[in-house]
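Worksheet: one structure, shown below.
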Amino acid sequence: MADSQYNFPFRHLLGIEQLCSQDIAAILNQAKVFEEVCENRDAKIIPALQKKIVVNLFFENSTRTRNSFEIAERRLSANVLNFDAASSSLSKGETLIDTATNLEAMHPDIIVMRHSAPGAHVFMARHVRASIVNAGDGAHEHPTQALLDAYTMRERFGRLDGLKVAIVGDIRNSRVVRSNLWLLTKMGASVTLVGPPTLIPTEIKETWPDAKLSHDFDEIIPGMDALMMLRCQFERGTGTYIPSQGEYARHYQLNASRMEKAKKDIAVLHPGPLNRGVEITSEVADGPNSLILKQVTNGVPVRMAVLYMLSTRANDYEQASPTNCCCLQNKKCQE
Ligand code: NCD
657 MADSQYNFPF RHLLGIEQLC SQDIAAILNQ AKVFEEVCEN RDAKIIPALQ KKIVVNLFFE
717 NSTRTRNSFE IAERRLSANV LNFDAASSSL SKGETLIDTA TNLEAMHPDI IVMRHSAPGA
777 HVFMARHVRA SIVNAGDGAH EHPTQALLDA YTMRERFGRL DGLKVAIVGD IRNSRVVRSN
837 LWLLTKMGAS VTLVGPPTLI PTEIKETWPD AKLSHDFDEI IPGMDALMML RCQFERGTGT
897 YIPSQGEYAR HYQLNASRME KAKKDIAVLH PGPLNRGVEI TSEVADGPNS LILKQVTNGV
957 PVRMAVLYML STRANDYEQA SPTNCCCLQN KKCQE
C-alpha cells in the first residue's frame with residue numbers, strides 16, 4: 657500500500673537515475689492504489705489534479721505514451737492541453753527557449769515532455785516553474801516506461817529483487833533500456849543485455865558495471881524470468897548496424913522455437929510499437945506468456961501516480977526558482 661509517512665522529494669521526474677529504491681517503490685505502491693481506482697467503473701475519475709493545468713508537449717511522435725498520459729491526467733481531473741509540435745510555432749522556426757518562456761507565461765502546473773534531444777527536458781526545467789515529466793528524451797531516458805515495466809513484473813512475480821531479466825535487441829538507440837537499467841539494478845534485479853555487438857555500445861558497461869552482456873540469445877534464455885524485447889529503431893539508423901532484418905531475426909527474434917527453451921512461466925515484455933516478424937513473432941507477442949497489453953494497461957495508473965506525487969509538491973510552484981532547483985542535480989530537494 658502507499659506509505660502515508662513518505663513524501664516524494666522531487667519537483668520533476670527527469671529520469672530514473674535521480675531516484676532511490678524507496679522513491680521507486682513509493683511510486684509503484686501509489687500506482688497500485690490507482691489501479692484499483694481504474695478498475696472500479698464507478699470511480700474511474702478522481703479529483704486529485706482538479707484546477708491543475710497539465711501540458712502534453714510532444715516534439716516526437718507518440719501514440720501509446722501520449723494517450724496513456726492523457727487518460728491518466730483526465731482520470732485525475734486535470735485540465736489538459738495537448739501541444740502539437742507539428743502545428744506549433746516551432747515549425748515556423750521558434751526556438752525551444754521561446755517555446756518554454758511562452759508556456760511559462762501561461763502558468764501550467766505540469767509539463768509532460770518528449771523530445772528527440774537528450775537533456776531537452778532538463779533545459780525546460782531550468783526555464784519554467786512547472787514540474788517537468790520526461791516522456792522520453794532521445795536515447796537517454798524514458799522513466800515512466802521503466803516504472804510501468806517494473807510495475808508489470810512486480811505484479812507478475814511479486815518482487816523485483818533477484819529477478820533475472822534479459823533486455824534484448826536495439827540497446828544502442830533505446831531510452832527504455834537505459835531507464836530500465838537504472839531501475840532494475842537499483843531494485844536488486846539482475847539484468848543481461850542481449851544483442852549483436854554493433855547494437856550494444858561499450859559505454860553501457862562503464863555506467864552499469866553490474867549489467868551482464870551476451871551476444872548469444874539462445875544460451876541465456878533458459879536462466880531468465882523475463883524477456884524484454886526492444887524494437888529495432890530503423891528510423892534511427894539501426895539498419896546500418898545489422899547485416900539484414902532476416903539475419904537479425906535468425907539470432908535475436910523471440911519466436912516459438914526460442915520460447916521452448918524458456919521457463920514455462922517466462923514473462924515476455926515489449927514497450928511497443930512492435931515490429932512483428934522482426935524482433936518478435938505474432939505468435940509470441942499475442943501468446944500466453946505475453947504481458948505486452950498488460951504493460952499498456954498498467955501505464956495509466958503508473959502515470960497517475962507520477963503526476964499525483966509531483967503535484968503533492970504543489971506549493972513549490974510559487975517558490976520555485978527554476979535555475980536553482982536542486983532537482984536538476986543528482987541529489988534530492990531539501991527544502
Ligand atoms: C518506446 C519509445 O518511444 O521510446 N515506446 C514507447 O514509449 N511506447 C520504444 C520505441 O519507440 O521502440
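Residue numbers (my numbering): 657 to 991. From the three backbone atoms N, C-alpha and C, an ideal C-beta is built for every residue, glycine too. Quantities reported herein were computed from a predicted structural model and do not represent experimental measurements.
From the DSSP secondary-structure annotation, give me the bridge partner or partners of I992.
The structure shown does not extend to residue 992, since the chain is modelled only from 657 through 991, so no value can be given for it.
Can you check DSSP and say which residues form a bridge with A923?
A882
Tell me whether the stretch 706–714 and the stretch 945–958 touch, counting them as touching only if at least three CB pairs, one residue from each stretch, are closer than 8 Å.
no
Taking 7 Å as the line, does the beta carbon of V832 fall inside it for any heavy atom of the ligand NCD?
yes
Please state whether DSSP places E903 in a helix, a strand or coil.
Here DSSP, grouped into helix, strand and coil, assigns E903 to helix.
Would you decide whether A795 is buried or exposed? Buried here means 16 or more other CB atoms lie within 10 Å of its CB.
buried
Measuring only the C-alpha atoms, how far is A845 from D793?
24 Å
If we ignore side chains and look at the alpha-carbon of each, how far apart do E862 and S772 end up?
24 Å
Residues in its own chain within less than 6 Å of E1010 by CB, not counting five upstream and five downstream?
The structure shown does not extend to residue 1010, since the chain is modelled only from 657 to 991, so the question has no answer here.
Any idea which residues DSSP pairs H771 with across the strands?
D793
Who are the Cβ neighbours of E991 in its own chain at under 7 Å, not counting the five residues just before and after it?
Per-residue confidence for E991 stands at a pLDDT of 33, beneath the threshold of 50, marking its modelled position as unreliable; the derived number appears in the next sentence. For E991, where only same-chain residues beyond five positions count, there are no Cβ hits under 7 Å.
For M884, does the count of other Cβ atoms within 10 angstroms reach 16, so buried, or fall short, so exposed?
buried
Sort R810, Q951, D921, R697 by Cα distance to G879 and report the nearest one.
D921
Under 8 Å between the Cβ atoms of V962 and T808?
Result no, Cβ atoms of V962 and T808 do not sit closer than 8 Å.
Which one of D754, N790, A786 has the shortest CA to CA distance from M769?
Closest option to M769, Cα to Cα, is N790.
So, with DSSP's three-state summary, where would you put A786?
coil
Nearer than 7 Å: is that true of the beta carbon of Q801 relative to any heavy atom of the ligand NCD?
yes
Could you work out which residue in V956, R815, Q678 is closest to S724 when comparing CA atoms only?
V956
Among Q674, I767, P857, L910, which has the Cα closest to the Cα of H783?
I767
Throw me the rounded Cβ distance for the D765 and A786 pair, which I believe falls under 8 Å.
Right, their Cβ atoms sit about 6 Å apart.
Name the residue from Q901, T953, R887 whose alpha carbon lies nearest to the alpha carbon of E695.
Answer by Cα proximity: T953.
With a 10 Å radius around its C-beta and 16 neighbouring C-beta atoms as the bar for buried, classify N717 as buried or exposed.
exposed
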